[in-house]
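Data block below; observations after.
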Amino acid sequence: MSRQVSKDTGAELAVRQLLHAAGLRYRVEYPVPGMPRRRIDIAFTGAKIAVLIDGCFWHGCPQHATYPKANAEWWRQKLDRNMARDRETTEHLIAEGWTVLRFWEHEAPEEVAVRVGAAVERRQTERTRGRRE
Ligand SMILES: [Zn+2]
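All you need for our numbering is the position in the sequence shown, starting with 1, plus 1.
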């Protein structure tokens, strides 16, 4: 069995608990529309806000990314592909009208939750004022 690489990190769980405690409701591991096998970590489907919390190693955090020395070339290619996929997913979601919020797993869950909550609130205010554009 291969391990899921990007799912249920401690950081993501902590953020989810904070959002839930703040009264926000969201979907977890929500499929990216039109992109089979890709998932949004935390999705606010009504507001179309996608929250992605990226693991520092697998997604190449500039502060913590390391390339293993054994099989260095293989790892470099693998991690570069992951990052290219991340960019592709972000661009796709934006093109579909989503707001994409990406965070690193090393960021403080409290700060992440505050920023997500603010974005959801902003989007709801906009929607009650009527359609944008
Ligand atoms: Zn990091």
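Cβ coordinates follow ideal geometry from the N, Cα and C atoms, glycine included.
These numbers come from a predicted model, not from an experiment.
Item: With DSSP run on the structure shown, which of helix, strand or coil describes P63?; Value: coil
Item: To which residues of the same chain is A15 closer than 7 angstroms at the C-beta, ignoring the five residues directly before and after it?; Value: P110
Item: In the DSSP assignment, find the alpha helix (DSSP H) that holds R123 and state where it starts and stops.; Value: 110-129
Item: Could you name each continuous beta strand (DSSP E) segment of 3 residues or more that falls completely within the segment 31-82, going from the start of the chain to the end?; Value: 40-45, 50-55
Item: Taking the continuous alpha helix (DSSP H) assigned at R17, which residues delimit it?; Value: 11-22
Item: Does ligand 1 have even one heavy atom less than 8 angstroms from the beta-carbon of E13?; Value: no
Item: In the DSSP assignment, what residue or residues form a beta bridge with T90?; Value: Per DSSP, none; premise fails for T90.
Item: If you draw a straight line from the alpha carbon of E13 to that of D55, how long is it in whole angstroms?; Value: 9 angstroms
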